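Student: Chains as they are written, first to last, in our numbering: chain A, 171 to 464; chain B, 171 to 464. A virtual CB, placed ideally from N, CA and C, is assigned to each residue, including glycine. Computed from a predicted structure; not experimentally measured.
#1: Is there a C-beta anywhere in chain B that falls below 8 Å from the one on residue 470 (chain A)?
#2: Name the residues in the segment 286–302 of chain B whose C-beta lies less than 8 Å from a C-beta of chain A; which are they?
#3: What runs of the alpha helix (DSSP H), each 4 residues or longer, lie entirely inside the segment 234–312 of chain B?
#4: So which residues of chain B does residue 304 (chain A) contact, with C-beta pairs closer than 7 Å?
#5: For residue 380 (chain B), which of helix, strand or coil comes out of DSSP?
#6: Let me check understanding here. Comparing Cα to Cα, which of B:247, B:229, B:209 lies closest to residue 217 (chain B)?
#7: Going along the chain, which residues of the segment 441–463 of chain B sit with their C-beta nearer than 9 Å to a C-beta in chain A?
#8: What's the call for residue 370 (chain B), buried or exposed, on a 16-neighbour Cβ count within 10 Å?
#9: Quick check on residue 335 (chain A): does DSSP put it in helix, strand or coil?
#10: If contact is defined by three or more beta carbon pairs under 8 Å, each pair taking one atom from either stretch, is the segment 313–325 of chain B in contact with the segment 335–342 of chain A?
#11: Return no unless some Cβ of chain A is closer than 8 Å to the Cβ of residue 243 (chain B).
#12: Mind checking whether residue 326 (chain B) and residue 349 (chain B) have CB atoms under 8 Å apart?
#13: Need the endpoints of the alpha helix (DSSP H) that residue 342 (chain A) sits in, please.
#14: With C-beta atoms as the reference, is residue 255 (chain A) less than 8 Å away from residue 274 (chain A)?
#15: With three or more beta-carbon pairs closer than 8 Å as the criterion, would you say the segment 277–294 of chain B touches the segment 279–297 of chain A?
#16: Alpha helix (DSSP H) containing residue 209 (chain B): first to last residue?
#17: For chain A, find out if any of its Cβ atoms is closer than 8 Å to the Cβ of residue 248 (chain B); answer yes or no.
#18: CB residue 376 (chain A) to CB residue 386 (chain A), shorter than 8 Å?
#19: Output needed for residue 190 (chain A): all residues of its chain with C-beta closer than 7 Å, excluding positions within five of it in sequence on either side, in chain order.
#20: Residue 307 (chain B) to residue 188 (chain A), Cα distance in whole Å?
#21: Can you have a look at residue 423 (chain B) and say buried or exposed, based on whether 16 or more other CB atoms are within 10 angstroms of its CB?
#22: Can you check whether the CB of residue 284 (chain B) is closer than 8 Å to the CB of residue 259 (chain A)?
#23: Note down, in chain order, every chain A residue with its Cβ under 7 Å from the Cβ of residue 259 (chain B).
#24: Can you pull the chain A neighbours of residue 256 (chain B), defined as C-beta to C-beta under 7 Å?
#25: So is residue 173 (chain B) buried or exposed if we call it buried at 16+ other beta carbons inside 10 Å?
#26: Between which two residues does the alpha helix (DSSP H) carrying residue 444 (chain B) extend?
#27: So if I threshold CB-CB distances at 8 Å, which residues from the segment 341–368 of chain B count as touching chain A?
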């Protein structure tokens with residue numbers, strides 16, 4: 171019952187986000203063949219919209235109406251989607267399926283996939299620049315660059331590639347996850363908080379929450395790669411194992427990974443208690459991350 | 171004599187830009203293998219720095235000290251370099267040499283080249299976000315997204331790829347050049363003007379100047395691909411012809427292309443006359459573009 175309520179709220183957020191994403195993309199499409207077709211394909215092929223939902227729901231801790239945060243929230247989905255499209259390329263992870271359908275380069279060819287990723291990344295900053303308070307906007311840009319640049323997402327992806335078929339340490343696994351997944355999840359939460367004009371203390375609590383949530387998310391992702399099925403995940407499972415990728419189960423075993431997941435969830439929720447009952451949705455979201463099958 | 175004075179000033183701008191680029195990159199390099207090595211390689215392998223020089227010298231029409239504009243100017247070089255690194259990829263133009271040395275993917279592998287390009291693009295916005303006036307900074311972001319997103323550089327690159335081995339119209343050639351080269355040159359000039367707090371009329375004159383300069387630049391580039399040599403250009407010439415690419419000489423013939431070049435130069439310089447003697451450097455730069463051999 172509780173879970174049903176959460177799911178309804180999650181779907182409501184997701185619907186608003188999807189509506190904005192489609193409206194924004196369709197406004198840019200021209201009649202000539204263009205890159206937005208490939209972008210639309212990659213963006214609308216599925217996806218939980220976890221990052222924009224996080225951003226919007228954190229913003230809602232502070233403000234009632236969420237329409238004005240949608241461009242910023244959707245910028246996070248643009249960054250996430252760019253990283254997936256480029257990561258799937260043959261020279262990177264070489265994945266043929268994503269979210270249950272052929273990856274962008276399998277459908278449109280590699281050139282389109284490179285350019286579609288580039289376009290998501292570029293226009294993410296166009297979305298952010300719509301935030302009306304320009305002093306805050308400058309901070310948002312810095313946060314996103316920090317999370318996704320050469321000290322963030324790109325560093326994680328590089329280390330991930332360099333670690334393939336290597337014996338890696340626990341530190342390396344944690345480095346990859348923190349950079350490849352964690353930092354953008356933290357940024358999603360922080361952007362919602364900054365736009366909501368959170369106090370420094372609130373921002374600190376939410377950042378700490380987001381770090382644990384990001385860790386939990388990645389552990390569950392790794393576990394699913396071992397125990398999930400292609401039907402559930404919409405992508406080839408066992409890919410990580412096949413590529414000898416650094417994962418939590420490979421390093422710690424399945425049981426120990428599950429314990430680490432439970433610890434991360436508990437820590438994340440403890441940070442939300444500061445916000446009381448109004449953080450109910452975020453608490454449920456945290457539990458959802460740990461129990462999700464996709 | 172006149173030309174020597176111009177060259178000296180150009181080199182002085184270029185040196186300040188290069189110093190800033192190196193300082194900024196080196197501050198980010200870590201001891202572990204990282205993406206900044208590949209970025210450093212691509213950035214420092216040569217290049218005229220035309221876009222940042224344009225930005226700085228337009229800014230100098232309005233302001234005396236240029237140190238504060240350097241991050242913004244260098245962001246334009248980051249965008250330009252990202253586009254070169256990605257354009258050179260095997261799935262795009264498949265070029266092995268650039269600026270006289272092996273292209274990024276030939277030197278570091280394709281995965282590094284994709285990620286280095288992504289990192290240039292991401293961190294370009296980090297550089298722009300350093301501009302202290304945040305209301306102006308928001309405008310700069312919008313200008314750069316407009317020039318380099320799906321209605322700018324990326325649209326040009328896509329059309330370029332789609333036009334290979336096709337009979338193309340004059341309109342298509344102009345579309346490709348305007349989007350692939352023109353818009354970023356216009357943005358370089360406009361960013362310098364916006365940061366210099368140009369009046370709307372000044373901004374309009376400079377925009378018109380930049381459009382003609384961009385056209386001139388591209389015509390000369392196409393001409394050089396026909397008449398240049400590998401030694402002079404540092405890249406394989408005749409590539410455009412080999413790939414049956416849409417170029418001015420292919421469409422209009424060499425003589426008619428030279429006339430179009432002369433017209434564009436004349437138009438560009440006529441727009442600078444509004445600024446009188448203080449636009450001397452920009453006038454010389456325009457003539458330099460038309461006469462350059464690299």
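Tutor: According to the data block:
#1: For chain A, the structure presents residues 171 to 464; residue 470 (chain A) sits outside this window and is missing.
#2: 287, 288, 289, 291, 292, 293, 295, 296, 298, 299
#3: 240–257, 274–278, 280–298
#4: 304, 305, 307, 308
#5: Residue 380 (chain B) falls in the helix class under three-state DSSP.
#6: B:247
#7: none
#8: Counting C-beta atoms within 10 angstroms of its own C-beta, residue 370 (chain B) has fewer than 16 neighbours from the protein chains shown and is therefore classed as exposed.
#9: coil
#10: Judged by Cβ distances under 8 Å, the segment 335–342 of chain A makes no contact with the segment 313–325 of chain B, as fewer than three pairs qualify.
#11: no
#12: yes
#13: Run containing residue 342 (chain A): 340–347, per the alpha helix (DSSP H) assignment.
#14: yes
#15: yes
#16: Residue 209 (chain B) -> alpha helix (DSSP H) spans 205–214.
#17: no
#18: no
#19: Taking residue 190 (chain A) as the centre and dropping the five residues before and after it, the same chain places the C-beta of 240, 244 closer than 7 Å to its C-beta, in chain order.
#20: 29 Å
#21: exposed
#22: yes
#23: By Cβ distance, chain A contributes 284.
#24: 284, 288
#25: exposed
#26: Membership of residue 444 (chain B) in any alpha helix (DSSP H) is not indicated, and neither H nor E is assigned to it by DSSP.
#27: none
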